[in-house]
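Inspection log for the structure reproduced underneath, given as structure tokens.
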Amino acid sequence: MSSKSAPPPLPEPLGVAVADSHTHLDMQEGTVEEALARAAAVGVTTVVQVGCDIKGSRWAAETAAAHRDVHAAVALHPNEAPRIVLGDHGGTSQPPGAGGGWSRQGARDAGGDAALDDALAEIDRLAALDEVKAVGETGLDHFRTGPEGIAAQERSFRAHVEIAKRHGKALVIHDRDAHADVLRILAEEGAPERTVFHCYSGDAEMAEVCAAAGYFMSFAGNVTFKNAQPLRDALAVAPAELVLVETDAPFLTPAPYRGRPNAPYLIPVTLRAMAAVKGMDEDALAGAIAANTARAFGY
Numbered sequence: 001m002s003s004k005s006a007p008p009p010l011p012e013p014l015g016v017a018v019a020d021s022h023t024h025l026d027m028q029e030g031t032v033e034e035a036l037a038r039a040a041a042v043g044v045t046t047v048v049q050v051g052c053d054i055k056g057s058r059w060a061a062e063t064a065a066a067h068r069d070v071h072a073a074v075a076l077h078p079n080e081a082p083r084i085v086l087g088d089h090g091g092t093s094q095p096p097g098a099g100g101g102w103s104r105q106g107a108r109d110a111g112g113d114a115a116l117d118d119a120l121a122e123i124d125r126l127a128a129l130d131e132v133k134a135v136g137e138t139g140l141d142h143f144r145t146g147p148e149g150i151a152a153q154e155r156s157f158r159a160h161v162e163i164a165k166r167h168g169k170a171l172v173i174h175d176r177d178a179h180a181d182v183l184r185i186l187a188e189e190g191a192p193e194r195t196v197f198h199c200y201s202g203d204a205e206m207a208e209v210c211a212a213a214g215y216f217m218s219f220a221g222n223v224t225f226k227n228a229q230p231l232r233d234a235l236a237v238a239p240a241e242l243v244l245v246e247t248d249a250p251f252l253t254p255a256p257y258r259g260r261p262n263a264p265y266l267i268p269v270t271l272r273a274m275a276a277v278k279g280m281d282e283d284a285l286a287g288a289i290a291a292n293t294a295r296a297f298g299y
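Numbering (the UniProt record's numbering), first residue to last: 1 to 299.
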């Protein structure tokens with residue numbers, strides 16, 4: 001295995017334990033037990049396993065039920081809804097890639113609105129489970145989905161908001177190139193009491209809007225990328241009591257390991273970069289993030 005494809009080394013352990021607020025263990029190499037052990041060895045003692053389709057959401061719930069340190073989030077990813085309604089090639093310009101957190105169910109025939117209703121009913125059933133702490137990742141993705149798929153995305157997003165509120169669960173937002181529309185729909189529907197912008201991608205101005213609304217902002221490894229100054233500017237103004245950290249693994253591996261496989265054990269790399277941006281002591285930021293994540297997901 002070349003150094004460019006090899007897993008990065010374990011970072012120095014954190015002094016204060018934190019959670020990875022968004023990961024996809026089912027897309028990573030090795031077993032769940034191995035991933036959790038590596039993470040715990042560096043102070044990442046809790047993970048939120050996020051589903052992106054029916055199969056992945058069921059797996060998330062089952063995995064959380066079997067592991068005390070795993071909590072589940074269940075949803076149809078924004079790019080999944082158009083696939084269900086329109087068929088595999090009818091709403092997306094290309095297969096989702098890094099950071100997409102997408103369906104692994106492959107091509108399918110168009111199922112129409114009834115098929116989307118059936119899928120949403122299963123997410124509703126899963127959302128009622130105790131081990132499921134959140135509904136997500138849901139939201140809007142104008143990068144992967146073409147104009148013909150937007151109506152299905154928006155209908156799915158609104159349904160997920162309602163499911164989260166009815167079950168008293170957190171809402172986890174995927175927002176790609178859709179900031180204004182995501183904020184508009186949250187305002188129109190009335191956001192759940194606990195709303196998390198996963199892999200926060202807005203600028204500092206949007207961070208102030210999110211902060212005023214009480215939305216949590218979760219930062220991933222891309223906050224360390226050279227071209228990500230707008231993200232660092234957003235992190236700088238985001239209140240410490242609304243900041244989370246995540247991997248979105250296996251995607252978005254932080255610098256200096258960009259392009260290599262990501263996993264929850266790399267959270268310390270991102271957290272240390274975040275502490276530098278915020279001018280905070282590492283342990284102080286870790287303590288805030290640990291409390292914020294427990295509050296956001298209700299565990």
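By construction, the Cβ of each residue, glycine as well, lies at the ideal position given by its N, Cα and C atoms. Please read all numbers here as calculations on a predicted model, not as lab measurements.
1. Return the residue from the list N262, K278, E162, D69 that minimises the CA-CA distance to E188.
2. Quick check on the burial criterion: 16 or more other C-beta atoms within 10 angstroms. Buried or exposed for N227?
3. Could you check what DSSP says for H71 in three-state terms: helix, strand or coil?
4. Starting from F197, trace the beta strand (DSSP E) in both directions and tell me its first and last residue.
5. Among G111, Y299, I267, E137, which residue has its Cα nearest to the Cα of N79?
6. Assign E241 to one of three DSSP states: helix, strand, or coil.
7. Using three-state DSSP, classify G97 as helix, strand or coil.
8. Excluding sequence positions up to five away, which residues of its chain have a Cβ less than 6 Å from the Cβ of H179?
9. Taking the straight line between their C-alpha atoms, what separation do you get for D118 and A134?
10. Could you please give the first and the last residue of the uninterrupted beta strand (DSSP E) stretch that includes A134?
11. Are the beta-carbon atoms of G43 and P268 separated by less than 8 Å?
12. For the 8 Å Cβ check, are there 3 or more pairs between the region 214 to 230 and the region 251 to 262?
13. Is it buried or exposed for E12, if we count other Cβ within 10 angstroms and need 16 for buried?
On the basis of the coordinates in this document:
1. Closest in C-alpha terms to E188, from the list N262, K278, E162, D69, comes E162.
2. exposed
3. strand
4. 195 to 197
5. Nearest of G111, Y299, I267, E137 to N79, Cα basis: E137.
6. helix
7. Low per-residue confidence applies at G97: pLDDT is 34, beneath 50, and the placement is therefore not dependable enough to give any value.
8. G202, M206
9. The straight-line gap from Cα to Cα measures roughly 19 Å.
10. Element bounds for A134: 132 to 141.
11. Between G43 and P268, the C-beta gap is smaller than 8 Å, which places the two residues in contact.
12. yes
13. By the 10 Å Cβ count, E12 comes out exposed.
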